[in-house]
Amino acid sequence: MKVAFIGGGGLAKEASEIAHQNNLEIAGYFSDAKVSDRWDYLGSFADIESHKDELLFALCIGAINSDGIKRRRFLIDKFNNAGLKFVNLISPYAVISEGVKLGVGIIIAHKVVLSVDSLIDDFCLLNTGAVVGHDSYIGSNSIIAPLSFIAGNVRVEKDVLIAPNASILEGRIVGAGSVIGTGSSVYRDLTPGSIVMPVVTKTLFT
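Below, the structure written as structure tokens:
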């Protein structure tokens with residue numbers, strides 16, 4: 001079966017490269033508006049369910065804030081309940097260690113490292129160069145942005161956004177719906193819905 005993208009923006013471009021590297025044929029993309037000529041435009045989100053028996057699907061809609069994560073969650077629940085079949089897109093340049101368990105609908109980009117016995121739940125996005133340590137858990141619909149580091153025995157609950165170059169120390173828990181800002185470090189457990197931002201440095205001389 002061919003793969004269709006839900007979304008046709010930048011994430012779909014990255015997913016397309018991974019799909020080709022895995023010898024998957026791309027049917028096109030669904031979006032509420034035509035946003036790219038790179039692939040065939042197959043229709044709006046309202047048209048997706050009529051194709052559920054003839055296509056596999058990949059969720060190619062990213063997020064840069066909590067509203068984006070909530071939108072992804074809405075679409076995941078909608079299309080999961082409709083019975084769509086989702087494929088995992090895993091870069092051949094990622095490192096998947098022994099004992100790693102993967103859910104469905106996952107995108108794992110180039111140079112991601114998943115260490116021993118880590119668990120990645122459904123519809124997670126792990127972007128370029130992200131590292132997940134041994135025995136860690138990443139909850140469904142969580143996004144780990146480029147070059148972020150998740151140490152060993154960390155538990156990231158569902159619907160969490162971890163921005164580029166963030167770090168989560170060993171054994172910490174990140175509550176559902178939390179947002180970890182670019183360059184932030186998490187030193188303690190976080191309750192659901194937490195927002196962590198880095199300390200802003202001051203320029204003393206120019």
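Residue 75 in the numbering used here sits at position 75 of the sequence shown, and the numbers go up by one each step.
A virtual CB, placed ideally from N, CA and C, is assigned to each residue, including glycine.
Scanning the stretch 39–96 for uninterrupted alpha helix (DSSP H) segments of 4 residues or longer gives 66–81, listed from N- to C-terminal end.
Per DSSP, G181 lies in no beta strand (DSSP E) segment and is marked neither H nor E. Closest by C-alpha distance to S97, out of T128, V3, S136, L84, is S136. Taking the Cβ atoms as the reference, T182 lies roughly 7 angstroms from A166, within the contact range of under 8 angstroms. Look at A27 here: in three-state DSSP terms it is strand. Rounded to the nearest angstrom, the Cβ distance from G171 to K158 is 19 angstroms, too far for a contact under 8 angstroms.
Sequence-distant Cβ neighbours of E49 in its own chain, meaning closer than 6 angstroms and more than five residues away, are A82.
A residue is called buried once 16 or more other Cβ atoms fall within 10 Å of its Cβ, and S44, having fewer, is exposed. The DSSP-derived three-state label of I106 is coil. Pairing P92 with I64, the inter-Cα distance amounts to about 26 angstroms. Per the coordinates, the alpha-carbon of R188 lies some 42 angstroms from the alpha-carbon of S36. Taking a C-beta distance under 9 angstroms as the contact criterion, L169 and V156 do not qualify as a contact pair. For K13, there is no enclosing beta strand (DSSP E); the residue is found in the alpha helix (DSSP H) stretching over 10–21. When secondary structure is reduced to three states using DSSP, L169 falls in the coil class, being assigned neither helix nor strand. With a cutoff of 9 angstroms on beta-carbon distance, C60 and I107 are scored as near each other. Here R71 is exposed. Its C-beta has fewer than 16 other C-beta atoms within 10 Å.
Rounded to whole angstroms, the gap between the alpha carbons of A163 and V132 is 14 angstroms.
Contact check for G105 against D122 passes: the beta carbons are separated by less than 9 angstroms. Per DSSP, the beta bridge partners of L119 are K101, Y137. When the five nearest sequence neighbours on each side are left out, the beta carbons in the same chain lying within less than 6 angstroms of the beta carbon of C124 are those of I106, I138, S142, in order along the chain.
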